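Please read the structure below before turning to the comments.
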Amino acid sequence: MRITRLSTHVVGTPWRNLTHVLVHTDEGLTGVGEARMLGHTDALLGYLAEAERNHIAGSDPFDTEDLVRRMKYGDYGRAGEIVMSGIACVEMACWDIVGKALGQPVWRLLGGKVRDRIKAYANGWYTVERTPEAFHAAAEKVVERGYRALKLDPFGNGHFELDHAETLRSVSLVEAVRDAIGPEADLLVEMHGRFNPATAIRLAGLLRPYAPGWIEEPCPPENPRALAKVSAHTDLPIATGERIHDRIEFRELFDLQAVDVIQPDISHIGGIAETRKLAATAETHYVLIAPHNVGGPVLTAANLHLAACTPNFSIQEHFNDFADAAIKQVAPGLPEVVDGYFTLPQEPGLGVTLDVEACARFPRQRAKFDLFAEDWHLRDPERTGTHDATTGP
4 MRITRLSTHV
14 VGTPWRNLTH
24 VLVHTDEGLT
34 GVGEARMLGH
44 TDALLGYLAE
54 AERNHIAGSD
64 PFDTEDLVRR
74 MKYGDYGRAG
84 EIVMSGIACV
94 EMACWDIVGK
104 ALGQPVWRLL
114 GGKVRDRIKA
124 YANGWYTVER
134 TPEAFHAAAE
144 KVVERGYRAL
154 KLDPFGNGHF
164 ELDHAETLRS
174 VSLVEAVRDA
184 IGPEADLLVE
194 MHGRFNPATA
204 IRLAGLLRPY
214 APGWIEEPCP
224 PENPRALAKV
234 SAHTDLPIAT
244 GERIHDRIEF
254 RELFDLQAVD
264 VIQPDISHIG
274 GIAETRKLAA
284 TAETHYVLIA
294 PHNVGGPVLT
304 AANLHLAACT
314 PNFSIQEHFN
324 DFADAAIKQV
334 APGLPEVVDG
344 YFTLPQEPGL
354 GVTLDVEACA
364 RFPRQRAKFD
374 LFAEDWHLRD
384 PERTGTHDAT
394 TGP
């Protein structure tokens with residue numbers, strides 16, 4: 004079996020574009036992969052066009068290790084977000100093809116299951132005004148939907164520091180959410196790399212009474228020693244990793260014992276097998292893995308297959324029950340979250356099928372999403388001032 008070509012299909016929403024890659028073979032089987040890019044969709048599409056000529060066409064989809072190696076190192080440049088995302092789309096599509104060819108779900112090919120269901124947490128649910136009352140009501144709806152875990156960034160457009168008034172406001176939102184979901188549900192606090200270590204440490208102390216399951220990316224990701232300082236001054240678990248694009252770059256975090264939960268994004272770190280290797284390394288350091296996931300059903304499916312067979316997996320992020328839920332139409336087959344858990348995919352391959360006609364109903368947009376803009380959490384470009392009405396092809 005040989006890969007003959009790629010085709011790409013970009014699904015648009017006001018705040019995110021989801022790039023889907025179909026890998027076609029000479030035996031008629033196709034596989035699908037997905038990545039969510041922030042502002043780099045054209046760059047990803049351009050890279051894939053060149054990589055198709057230079058590395059992908061003519062390859063055997065069963066030989067994913069060799070294909071990933073050639074795509075990562077064969078151009079001699081250092082692979083970053085664009086290259087690793089392109090590799091990831093193609094790699095997960097190859098796993099989809101292999102599973103279909105063998106009649107098995109991907110998790111069986113990765114060593115088989117270590118769990119029968121996969122705990123999920125909701126994100127994208129707090130597109131409301133930044134008041135305790137509004138956040139309380141929105142959080143109640145998450146619990147009513149069956150989730151037993153959720154995540155929020157309560158810090159507005161905070162950057163490096165947070166003044167006293169905004170600190171009080173942010174903490175009041177966390178307090179309201181904890182009250183809404185009760186003491187037994189998991190409350191996860193996102194910081195989006197906003198703060199310097201001193202501010203992150205101060206906030207961790209203020210958040211401690213609300214028992215967050217972790218504080219996520221308290222400092223920008225470029226300086227692991229800054230994160231280690233935060234970790235040394237709080238007993239709250241530290242999570243990070245969505246903006247690290249090579250598993251080798253996690254080594255310093257492990258060496259510094261700066262992180263308790265790693266959050267690689269399968270679609271930005273080279274795919275399923277690369278993430279599986281990273282998870283195995285994390286396990287040797289007693290570190291959990293909770294993959295970052297802002298994708299649609301294809302990328303979510305890839306995450307579920309990884310979770311099924313990974314012993315140190317913790318919990319799976321999921322947006323699409325609250326943010327742009329209609330995009331689930333583009334790739335039917337994903338299990339629904341029931342009582343806070345996904346069941347394991349059972350169909351061959353990834354278990355979802357890209358509906359190209361459905362993709363056309365969500366044309367690409369010039370989505371702009373600035374986490375440091377006022378009211379970014381509304382995920383509404385009309386409100387945040389980042390709107391560009393022009394749509395792409």
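Counting from 1 along the sequence shown, just add 3 to a position and that's the residue number in the working numbering.
Quick reminder that beta carbons are idealized off the backbone N, C-alpha and C, glycines included.
The structure displayed is predicted, hence computed values, not measured ones.
**Asked** Using the beta-carbon count (16 or more within 10 Å), is residue 57 buried or exposed?
**Response** exposed
**Message:** Between residue 119 and chain D, is the shortest Cβ-Cβ distance under 8 Å, so that the two count as touching?
**Reply:** No chain D appears in this structure, which consists of one protein chain only.
**Message:** With H, G and I counted as helix, E and B as strand and the rest as coil, what does DSSP make of residue 367?
**Reply:** coil
**Message:** I'd like to know whether the C-beta atoms of residue 98 and residue 109 end up nearer to each other than 8 Å.
**Reply:** yes
**Request:** Look up residue 12 in the DSSP assignment and say whether it is helix, strand or coil.
**Result:** strand
**Message:** Just checking residue 330 against the ligand ADP - is the residue's beta carbon closer than 7 Å to any of the ligand's heavy atoms?
**Reply:** In the structure shown, the ligand ADP is absent, as is every other ligand, since no ligand is present at all.
**Asked** What span of residues does the beta strand (DSSP E) with residue 247 cover, start to end?
**Response** Looking at the DSSP string, residue 247 is not in any beta strand (DSSP E), and its letter there is neither H nor E.
**Asked** Using DSSP with H/G/I as helix, E/B as strand and the rest coil, what is residue 397?
**Response** Past the boundaries of the shown model lies residue 397; the chain is included only from 4 to 396, so the question cannot be answered.
**Prompt:** For residue 359 versus residue 334, is the C-beta spacing smaller than 8 Å?
**Reply:** no
**Asked** Under a three-way DSSP split, which group does residue 59 fall into?
**Response** helix
**Request:** If I'm right that residue 198 touches residue 163 with Cβ under 8 Å, what's the distance once you round it to whole angstroms?
**Result:** 6 Å
**Item:** Straight-line gap, residue 159 to residue 239 (C-alpha atoms, nearest Å)
**Value:** 21 Å
**Message:** Output needed for residue 128: all residues of its chain with C-beta closer than 6 Å, excluding positions within five of it in sequence on either side, in chain order.
**Reply:** 141, 145, 325
**Request:** Excluding the 5 residues preceding and the 5 following residue 157 in the sequence, name in chain order all residues of the same chain whose CB lies nearer than 6 Å to its CB.
**Result:** 173, 176, 177
**Item:** Inter-stretch contact at 8 Å, needing at least 3 Cβ pairs: the segment 74 to 82 / the segment 52 to 66
**Value:** yes
**Request:** List the endpoints of the continuous alpha helix (DSSP H) containing residue 93.
**Result:** 84 to 105
**Request:** Identify which residue in 248, 32, 45, 320 has its Cα closest to the Cα of residue 88.
**Result:** 248
**Message:** Let me check one thing: in DSSP terms, what residues is residue 6 bridge-paired to?
**Reply:** 28
**Prompt:** Taking three-plus beta-carbon pairs below 8 Å as touching, is the segment 366 to 374 in contact with the segment 332 to 348?
**Reply:** no
**Prompt:** Considering only residues of the same chain and omitting the five flanking positions on each side of residue 420, which have a CB-CB separation below 8 Å?
**Reply:** Because the chain in this structure spans residues 4 to 396, residue 420 falls outside the shown range and cannot be described.
**Item:** C-alpha gap between residue 380 and residue 130, whole angstroms
**Value:** 6 Å
**Asked** Going by Cα to Cα distance, which pick from 161, 215, 31 is closest to residue 153?
**Response** 215
**Prompt:** Is it the case that the Cβ atoms of residue 81 and residue 270 are separated by a distance below 8 Å?
**Reply:** no
**Asked** CB-CB under 6 Å to residue 390, same chain, minus the five flanking residues each way: which ones, in chain order?
**Response** With a pLDDT of 48 at residue 390, under the threshold of 50, the modelled position of this residue cannot be trusted, and the question is left open.
**Prompt:** Which whole-angstrom value describes the C-beta separation of residue 35 and residue 353, a residue pair presumed to lie in contact below a C-beta threshold of 8 Å?
**Reply:** 7 Å
**Request:** Please check the pair residue 14 and residue 257, which I expect to be a contact at CB under 8 Å, by giving their CB distance rounded to whole angstroms.
**Result:** Going by Cβ atoms, the distance from residue 14 to residue 257 rounds to 35 Å, so no, they are not a contact pair.
**Request:** Indicate whether residue 259 and residue 241 have their beta-carbon atoms separated by less than 8 Å.
**Result:** no
**Asked** Ends of the alpha helix (DSSP H) at residue 193?
**Response** Unbroken run through residue 193 is the beta strand (DSSP E), 189 to 193; no alpha helix (DSSP H).
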